[in-house]
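In the working numbering, the protein residues as written are 8 to 145.
Even for Gly, the Cβ is constructed at its ideal location relative to N, Cα and C.
In this text the structure is predicted, and so the values were computed from the model without any measurement.
The structure appears below as structure tokens.
So this is what it looks like as structure tokens:
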């Protein structure tokens, strides 16, 4: 007997959401995000959980932008256009990577995409900060 597709999709979403919460236990995320996800309102799949992720994403995007601008300033002027191009391509990648067809439940469509964007943004920020630390001894 074939299992309904929605049941499989719901199980995948639950596992993905749980992985996002577990990944958030590292120091890469703000304490406010961890507190927000740990609140009783932020149940898996809730709009409160989506608000937690989106608020953290906004902060992480600011930190990514700061890391990018610091690295760009440290780059030789002749190579800055290559860095600009690489960042633009990464943004396109993130959009394509996270823009999957998440039509599991209309109320939950945005949550896996938001977790994906957050995880990709944190990874990119850490990557750029690592390059900057390797070049500059503070």
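{"Check": "Cβ-based burial, residue 63 [other Cβ within 10 Å; buried from 16]", "Outcome": "buried"}
{"Check": "Limits of the unbroken alpha helix (DSSP H) element including residue 48", "Outcome": "Unbroken run through residue 48: none, as it is neither H nor E."}
{"Check": "Proximity below 8 Å, CB of residue 67 to CB of residue 125", "Outcome": "yes"}
{"Check": "Cβ-based neighbour list, residue 128, same chain, cut-off 8 Å, excluding 5 preceding and 5 following", "Outcome": "64, 67, 68, 71, 101"}
{"Check": "Simplified DSSP assignment, three categories, for residue 138", "Outcome": "helix"}
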